[in-house]
Structure formats: C-alpha cells, structure tokens
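Structure first, then comments.
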Amino acid sequence: MDTVSGSEPFSTAVIYNSAAGARLLDERYGALLDAWPVPHERLRVPSRAGETFVVASGPPDAPPVLLLHGSGTNAAMWQGDVPTWAGRFRVYAVDVIGEPGRSAPARPPLGSDAYAGWLDDVLAGLGLDRASIVGASLGGWLAVDYATRRPERVDRLVLLCPGGIGRQKWAVLIPVLLLMPFGRWGKRAAMRLYLGRPPRGLPASGVRRFLDHMLLVQRHFRPRRERLPVFDDGTLRRLTMPVLVIAGERDAALDSRDTRRRLARTVPHATVRLLPGVGHFPAGQAQPILEFLLQNPRDVRDCPRRHP
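Using our numbering, the first residue of the sequence shown is number 1, and each one after it goes up by one.
Structure representation (structure tokens):
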C-alpha cells in the first residue's frame, strides 16, 4: 500500500468517452478531494483487478468501516458523511473499480466471484482481517455479494438503496430518455426524476454540487450496461451479521417495498427503514448509520482487525 499526494494517474481505457473527458473528470475529482472535510490519507492498494484508490479518514487504530459508492460516482459521494463517522471509526472510502474514480478501469462480470476477490485484496492491502461495510446502490450490491461470500469478514452491514434484492424498475427509463435530448435542462430534469427528492434538511448548495458533478460524469463516462444479478433467498440468508437497510420509499429505480418484503422473509434480524417521499438518493443518513455502527461496540472492538 502506498500513500500518495499531488496528482494521481488515471486510465481512460474504455470507461470514458475520450481522454480529454477522463482528464476533466479527474481534475474535478481532485478538487473535491482537496476539499475533503477531515484530515485524510490517499492510498493506492494493489489488487488482482489493478490498483485501487482509497481515501482513509479517522484514527488509524479505530474500528474499520469500508465505504462502497454507487454506479457513476466515486469516493467523493461520502464527503458529507465522513465527518460524522471519522471521529469513532477508521473510514476507508473506496473507489470501486470500473467507475469514474482513480481505481483500475476493470469490470469483471457481475455475479462472478471476481468482486469478492478484489475486496479480499483491498482488505489485505489495508491490513484488515474484517470490517463493517456501508454500500450504496451498486455499492450495496457489492456489499451484499461480499458479505454472503465472506460473512466471517463483515462485522456490520449498512445498505442504502441496495441493488439485487428488490425488483428493478424500468418504466422510469422512458421519461428519462425522452428528457435527455433537451440540453442541460433536460438532463438535470431526467436526473431529478431518476434520483427523486433528496431527504429534507440537506443544503440546497450540496444537492446542486452533487447534480452538477453527476451531469459531468454522465457526459464523459460510459456507465455499466450489465444488469445487476438478483440474489436468491438462499444467498440472502447468509447475511448473519447485523444489517441496516435505508431506502427511499419512492425509489424510481428499485422497488423498496419488495426489498423490505424479501429481507423480512430471508434476513428477519435486519432493520429496514423506508424514507417517505425519498427516491434513489437517501443522503443525510450519517447519524442513524453511526448509531447502528456503534451498537454493541464490544462486538466490534474486541475482534482482531489488523495484520501485524
């Protein structure tokens, strides 16, 4: 594992529309990283899928929490949450491979064991035997995939609008596609339709910055086309660790009520919260997530975490 500073290399590969677009996104990402709200380290971790970029915050000897962002984003999506968590945990915001961050552009097939192997390498590179995981959307899918394959390595699991559990919706794509040709206004309207209303209390400036960054990503980044595999009931029953799920009641992309129904049947110990009126953007949940991560702290702190 290497600590890095200054400008980091990036790969245009096939996940960007052009080298110039990749460079612009990297510059904007660098500006967001420079505004990281707490002291942090920028780490490069080797893995079988290529180098993985990680932003580490919080006391090095605190219990570890791994953050996995959604599709089309990067570690910057956690900037508003990290200050709440970094006082009590060592927080590792991971750039998922194949997404518009600074990790390798590799995209192994979803549903294979490749992503679990990648996360094995990331944990090893960070010197961790186990950790709690917080995942959003695609990151939630990756978190469930890992936790069902390696339950002994996951202390607590937090899922924000996770893919792969509830039914995926497609009807919303029709108006989204119809809005896309209408310039910046149409793209912003399409994104708001897809993401839904953010939770009350979020600063309007923060929401605008998020939407502006997502519009830039949409312009220069080639998203995944592969459909998220759905976990069967037997797989979900392997989630034996404490689980918290927070989803928007009006998620236009995923059927949150179906997510709740399936988890009630397969993971009855899971806590599932549906946010009224909220779509596929359950931001502003840092405090309830912190409270969940701090439950039974002896269970977290007494287990060995780090390799010598």
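Glycine included, each C-beta is placed from N, C-alpha and C at the ideal position. Small disclaimer: the values here were computed from a predicted structure and weren't measured.
For the 8 Å CB-CB criterion, L236 and T266 form a contact.
Collapsing the DSSP output to three states places Q168 in a strand. Counting along the chain, no alpha helix (DSSP H) covers A104, and no H or E run does either.
The criterion of a C-beta distance shorter than 8 Å is satisfied by W141 and L228. Of Y16, A283, G70 and L43, the smallest CA-CA separation from V96 is found for G70. In the DSSP assignment, R88 falls outside any alpha helix (DSSP H), carrying neither H nor E. Shown here, G21 sits in a helix according to DSSP, grouped into three states. Beta-bridge pairing by DSSP links V158 to V134 and L244. Bounds of the beta strand (DSSP E) holding T271 are T271 to L275. Look at P108 here: in three-state DSSP terms it is coil, with no helix or strand label. In chain order, L244 place their CB closer than 6 Å to the CB of T271, counting only its own chain and leaving out the 5 sequence neighbours on each side. By the neighbour-count definition (other C-beta atoms within 10 Å, threshold 16), D113 is an exposed residue. Per DSSP, R262 is not a residue of any beta strand (DSSP E); the alpha helix (DSSP H) it occupies stretches across S256 to T266. With three or more CB-CB distances shorter than 8 Å, the stretch 275 to 291 counts as touching the stretch 245 to 263.
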